[in-house]
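Everything on this sheet refers to the single structure shown next.
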């Protein structure tokens, strides 16, 4: 079982965030990479989404937990709605750290020839479903011919999962001469499209699956957890710009301490966490998630610091196989030394 604790499952609460001066020796760099050397920074710029699989950031930054842990460091935040925009900002030096899904992280690593970013922790596992309209006449994979499905964005994590699932069951999309259509659309628009019966199903992250069930007469055809060993697959990571990691390891260590502690707190206090999340979400977006949809969505998700590496490489292979990735990433995409130092100090299992 991975190091994260399911929401609602008991685990140790570690309230104090303590920084120690253990030396950092994890990063050595890739051949051919030219890293900026701006020295130490007294600012940390963090990007994240107002999504439940980024709950550590939404809650931890919203109520000041991360800022307290990063004492002496000015924390600036930026909200995003799409993974490619996160990678663009990271590459441009506009942010230093981000919560982001696996496919954008892999693409950013590959397109920079392994230079620009490192994954330093996991954030969420699970929380993605293939929901179909209850009256669309779909009871199994045998019923896909002539159907129209949606995903949140061309080439994003759920889009790759949907297209790979179709291929595995013998279906080609229309642009490839097949008889199944895949329409990229924003999650909110997917709900509207299904309510209007303009699509037959969608592969979406939570809580949008729960929302489709409640508001669009949908049913779950595939809970993506059922497609993975032990039901675990990464849906959100913490990434860092490589030059920032190299020049500011103490700051990143403090951030990871806060991330681990926030994960523990949320998992130990799910009811309170839902309330706090919605409070912070309303500040960010002016909206909240209905509590029943929130709880259902969370029931299919695990918040964790474990990056679940095997699932990342499998997702990357899938993206490569369907033409969304020009090369497969190597193990250099990860730098988990600081995370393992934090876990070891807290008596938690290190990531192998």
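Numbering (our numbering), first residue to last: 76 to 427.
Cβ coordinates follow ideal geometry from the N, Cα and C atoms, glycine included.
Here the structure is a predicted model, which is why all the values come from computation and not from measurement.
Worksheet item: Just to confirm, are residue 371 and residue 227 a CB contact at a threshold of 9 Å?
Response: Residue numbering aside, residue 371 sits at position 296 when the chain shown is read from its first letter. Residue numbering aside, residue 227 sits at position 152 when the chain shown is read from its first letter. Result no, Cβ atoms of residue 371 and residue 227 do not sit closer than 9 Å.
Item to complete: Find out if the Cβ-Cβ distance for the pair residue 194, residue 180 is shorter than 9 Å.
Response: For this step, residue 194 is matched to residue 119 along the chain shown. For this step, residue 180 is matched to residue 105 along the chain shown. Contact flag set, yes.
Item to complete: Evaluate contact between the stretch 288-303 and the stretch 203-213, counting only Cβ atoms and requiring at least three cross-stretch pairs below 8 Å.
Response: yes
Worksheet entry | Range covered by the beta strand (DSSP E) that runs through residue 224 | One-based indexing of the chain shown puts residue 224 at position 149. Note, residue 224: beta strand (DSSP E), 223-226.
Worksheet item: How many whole angstroms separate the CB atoms of residue 368 and residue 289, which I take to be in contact at a CB cut-off of 8 Å?
Response: What you label residue 368 is simply residue 293 of the chain shown in a count that begins at 1. What you label residue 289 is simply residue 214 of the chain shown in a count that begins at 1. Indeed they touch by this definition, with Cβ atoms about 6 Å apart.
Worksheet entry | Boundaries of the alpha helix (DSSP H) in which residue 377 is found, first to last residue | Position 302 of the chain shown, counted from the start, is the residue given in the question as residue 377. For residue 377, no alpha helix (DSSP H) encloses it; the enclosing beta strand (DSSP E) starts and ends at 376-378.
Discussion item. Check for me: the beta strand (DSSP E) holding residue 294 runs from which residue to which?
Written reply: Working through the chain shown from its first residue, we reach residue 294 at position 219. Start and end: 293-298.
Practice prompt. Determine the direct distance from the alpha carbon of residue 418 to that of residue 269, and round the result to whole angstroms.
Written response: The residue you call residue 269 lines up with position 194 of the chain shown. The residue you call residue 418 lines up with position 343 of the chain shown. Their Cα atoms are separated by approximately 43 Å.
Worksheet item: Can you tell me whether residue 158 is buried or exposed, with buried defined as 16 or more other CB within 10 angstroms of its CB?
Response: Mapped onto the chain shown, residue 158 falls at position 83. That one is buried.
Discussion item. Nearest by alpha-carbon distance to residue 170: which of 155, 184 and 141 is it?
Written reply: Against the chain shown, residue 170 aligns to sequence position 95. When only C-alpha atoms are compared, the closest one is 155.
Worksheet item: For residue 309 versus residue 382, is the C-beta distance shorter than 9 Å?
Response: Start at 1 with the first residue of the chain shown, and residue 309 comes out as number 234. Start at 1 with the first residue of the chain shown, and residue 382 comes out as number 307. Closer than 9 Å, so yes.
Discussion item. What does DSSP give as the partner residue(s) for residue 409 in the beta ladder?
Written reply: Here residue 409 refers to the residue found at position 334 of the chain shown. Beta-bridge pairing links residue 409 to 194.
Fill in: Closest Cα partner of residue 353 within the set 109, 118, 130 and 117
For this step, residue 353 is matched to residue 278 along the chain shown. Looking at the Cα atoms, 130 is the closest of the given residues.
Fill in: the stretch 223-240 in contact with the stretch 258-266 per 3-pair CB rule at 8 Å
yes
Fill in: the stretch 139-147 touching the stretch 330-349, judged by at least three CB pairs closer than 8 Å
yes
Worksheet item: Thinking C-beta only, is residue 390 closer than 9 Å to residue 307?
Response: What you label residue 307 is simply residue 232 of the chain shown in a count that begins at 1. What you label residue 390 is simply residue 315 of the chain shown in a count that begins at 1. Contact: no.
Worksheet entry | Neighbourhood of residue 96 by C-beta, 7 Å cutoff - its chain only, sequence neighbours within 5 removed | Counting from one through the chain shown, the residue named residue 96 turns up at place 21. Summary for residue 96: the model assigns pLDDT 29, below 50, so the residue's position carries little reliability, and this model does not support an answer.
Practice prompt. Give the C-beta separation of residue 337 and residue 135 to the nearest angstrom, bearing in mind that I take them to be a contact with Cβ-Cβ under 8 Å.
Written response: Translated into the one-based positions of the chain shown, residue 337 becomes position 262. Translated into the one-based positions of the chain shown, residue 135 becomes position 60. Under the criterion of beta carbons closer than 8 Å, residue 337 and residue 135 qualify as touching, at roughly 4 Å.
Discussion item. Our contact map puts residue 380 next to residue 335 with C-beta atoms below 8 Å; I'd like the distance itself, whole angstroms only.
Written reply: Numbered from 1 along the chain shown, position 305 holds the residue referred to as residue 380. Numbered from 1 along the chain shown, position 260 holds the residue referred to as residue 335. Correct: roughly 5 Å between the Cβ atoms.
Worksheet entry | Residues bridged to residue 153 [DSSP beta-bridge criterion] | For the purposes of this step, residue 153 is identified with residue 78 of the chain shown, where counting begins at 1. DSSP lists 122 as partners of residue 153.
Fill in: Exposed unless 16 or more other CB atoms sit within 10 angstroms - verdict on residue 360
For this step, residue 360 is matched to residue 285 along the chain shown. Flag for residue 360 reads exposed.
Practice prompt. Could you name the residues of the same chain whose beta carbon sits closer than 6 Å to that of residue 108, not counting the 5 residues immediately before and after it, in chain order?
Written response: As a first step, residue 108 must be located in the chain shown, where it is residue number 33. Only 190 meet the Cβ criterion.
Practice prompt. Determine the burial state of residue 243: buried for a count of at least 16 other Cβ atoms within 10 Å of its Cβ, exposed for fewer.
Written response: Here residue 243 refers to the residue found at position 168 when the chain shown is read from its first residue. It counts as exposed.
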